[in-house]
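Quick note, the sequences are listed as chains A and B, same order. Per the numbering used here, residue 38 is the first one in the first sequence, and the count goes up by one each step. Per the numbering used here, residue 22 is the first one in the second sequence, and the count goes up by one each step. The beta-carbon is built from N, C-alpha and C at its ideal position, and this holds for glycine as well. Quantities reported herein were computed from a predicted structural model and do not represent experimental measurements. Contents: one structure, followed by commentary.
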Amino acid sequence: MEIPYTISTRPDTGLWNAKVGIWLFLASEVMLFGGLFSAYIFLRLDAQPGEWPHGLLNVPVGTMNTAILIISSVTVVLAWAALKMRRYRTYWWYMLATILCGAIFLFVKLYYEWPQKFEHFGAFIKRDKLEKYEQYLGNKHAEEKGLQPRLEISGHLHNREALADPNIKEYEIALDPVNADPTNPAMDRPHFLYMPPTEKIGTIEKEDVERISSFGPWHSAYFASYFTITGLHGAHVLGGVLVFIYMWLPVSKRLYQHNPEHLANRVEVCGLFWHFVDLVWIFVFPLFYLL
Amino acid sequence: MNNPPDISQDPAEHEEYAHGIQKHVKGYLMVGAALIVCTALTVGLSYVNFGSQKANIIVALLLAAFKVSLVGAVFMHLAAEKKLIYRVLIFTGFFVFALFWLTYLAWYNPIVAPH
């Protein structure tokens, strides 16, 4: 039995069925991401001064990934237009470009951006000990400039064994530039280019540390939101790429030869999903990388 | 930008139809370029001090809203869709705003531990 209304429109809705289906699905997706974004806003509004970090993500890499997603949105709509014009070869190339863009986006996220965060450590200093570490925090300078207080000393943890060994009484951290030279006015605002930790080693007594962790989801409400939202978004990118691979394989060419408009409609609904994934990223990028 | 009509089997009509789609293709490329420019603008403006963090957030979100409207109107063909899709979106918009409103209420009137 043939599935009805895959190409022709239903008289009552004026649409073919898959289009109604994908829009209802996207409506549920809006609610899903809406819930997470509202949680993000709630956490951010409630954060105490100095507790919501800025400038911890790699902006050039994030910008590049944003551009890659935008390009993939263009290529998927061009793939659909090529099918509408019955140019299968052109469609095939555009679809391949879309798949590659999605794969590059995921690769950058999973093999560069996320692992870098798990290698980076931050030690939150107890409130009554902040003055002791003024040389790394520069809070007097921050106060004079009307900046948020600095509560954390971050960088690469040299003696990782200190995390588990109670006999080691200090953490040794290769300091981030903001902690290596905290009174330098250039450190007052986040930088566009990523600045790796310096050679300068900061020594922090364990008993002065409120908590220490890598920049994973357990680090702060900021990173918990970041990993949750970008993780869910990444899962959507992966799902989209897998469906696009199916659309690109020879199995879809057989559908094209049998019924090209059916394949065009399939690509259109998958494209709508892909554009939604792009829309989510348009909000994720400024909220987490820039602001 | 309208959704292109269904394709014709007649060769002459098909030629005309393909030409019509080609015009859409130019539009898609232009929107793609505009989105890239807006992304660069978002990054650039985030390093400009607009007086307060709130002002910077508003500028970035306005640009994001503009980009979203471009993607929705052109790539997702919402500039000319059937009524049913708009109805679904209106309902979605209502419920998502209700969700954000609940968050706002929770922030405005938090549950505090008894003294």
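Decide if A/H256 is buried, meaning its Cβ has at least 16 other Cβ atoms within 10 Å, or exposed. Its Cβ being crowded by 16 or more others within 10 Å, A/H256 is buried.
Are there 16 or more other CB atoms within 10 angstroms of the CB of A/D202, so buried, or fewer, so exposed? With fewer than 16 Cβ atoms within 10 Å of its Cβ, A/D202 is classed as exposed.
Are there any heavy atoms of the ligand COA lying less than 8 Å away from the beta-carbon of A/E236, as far as the coordinates show? The model depicted lacks the ligand COA and carries no ligand whatsoever.
Could you give the DSSP three-state label for A/F158: helix, strand or coil? Reduced to three states, the DSSP call for A/F158 is strand.
Give the C-beta separation of A/L143 and A/V274 to the nearest angstrom, bearing in mind that I take them to be a contact with Cβ-Cβ under 8 Å. A/V274 and A/L143 do touch by the CB rule: their CB atoms are close to 6 Å apart, below 8 Å.
Is any beta-carbon of chain B found at less than 9 Å from that of A/M122? Chain B contact via Cβ: present.
Quick one: is B/F96 near chain A, going by C-beta distance under 9 Å? Taking Cβ atoms only, chain A reaches closer than 9 Å to B/F96, which makes this a yes.
Considering only DSSP beta bridges, list what A/E180 is partnered with. A/E180 is bridged by DSSP to nothing; it lacks a bridge partner.
Cβ-Cβ distance between A/V114 and A/G308 below 9 Å: In this structure, A/V114 places its C-beta atom within 9 Å of the C-beta atom of A/G308.
Could you check which residue in A/S75, A/V246, A/A134 has the C-alpha nearest to that of A/R164? Of the candidates A/S75, A/V246, A/A134, the one whose C-alpha sits nearest the C-alpha of A/R164 is A/V246.
Inter-residue Cα distance where the pair is B/L56 and A/A134: Going by the C-alpha atoms only, they are around 18 Å apart.
Any C-beta of chain A sitting closer than 9 Å to the C-beta of B/I57? Between B/I57 and chain A, the shortest Cβ-Cβ separation is below 9 Å.
Considering only residues of the same chain and omitting the five flanking positions on each side of A/E189, which have a CB-CB separation below 6 Å? If the five residues before and after A/E189 are omitted, its C-beta is found closer than 6 Å to the C-beta atoms of G159, F161, all from its own chain and listed in chain order.
With a CB to CB cut of under 6 Å and the five nearest residues on each side skipped, what residues in its chain are close to A/W311? Closer than 6 Å at the Cβ level, and outside the excluded window around A/W311, lie V113, G277.
Residues in the same chain with beta-carbon distance under 6 Å from A/K146, minus the five sequence neighbours each way, listed in chain order, please. Cβ within range, chain order: G271.
Please confirm if A/H178 has its CB atom under 9 Å from at least one CB of chain B. Judged by the 9 Å Cβ criterion, A/H178 is not in contact with chain B.
Counting only beta-carbon atoms, is A/M68 nearer than 9 Å to chain B? Contact with chain B is found for A/M68, since one of that chain's Cβ atoms lies less than 9 Å from the residue's Cβ.
Check the Cβ-Cβ distances between B/I132 and every residue of chain A, and say whether any is below 9 Å. No, B/I132 lies away from the interface with chain A (no Cβ there is under 9 Å from its Cβ).
Where does A/H273 sit, in a helix, a strand or coil, going by DSSP? The three-state secondary structure of A/H273, taken from DSSP, is helix.
Cβ atoms of A/K166 and A/E207: under 9 Å apart, would you say? With contacts defined by Cβ atoms closer than 9 Å, A/E207 and A/K166 do not form a contacting pair.
Helix, strand or coil for B/L99? Go by DSSP, reduced to three states. When DSSP states are grouped into helix, strand and coil, B/L99 belongs to the helix group.
Of all the CB atoms in chain A, is at least one closer than 9 Å to the CB of B/F71? Cβ-Cβ to chain A under 9 Å: no for B/F71.
Less than 9 Å separating the beta-carbons of A/P234 and A/L174? A/P234 is not a Cβ neighbour of A/L174, given a cutoff of 9 Å.
Give the DSSP bridge partners of A/T240, in chain order. In the DSSP output, where bridge partners are listed per residue, A/T240 has A/E209.
Any beta carbon from chain B within less than 9 Å of A/A64's own beta carbon? Taking a beta-carbon distance threshold of 9 Å, A/A64 counts as an interface residue toward chain B.
Do you know how far the Cα of A/M132 is from the Cα of A/W325? The sequence given here has Phe at residue 325 of chain A, not Trp. Their backbone Cα atoms lie some 30 Å apart in a straight line.
Distance, A/E66 Cα to A/I136 Cα: The C-alpha of A/I136 lies about 22 Å from the C-alpha of A/E66.
What number of angstroms, rounded off, separates the C-alpha of B/N70 from the C-alpha of A/T46? Whole-angstrom Cα-Cα distance: 52 Å.
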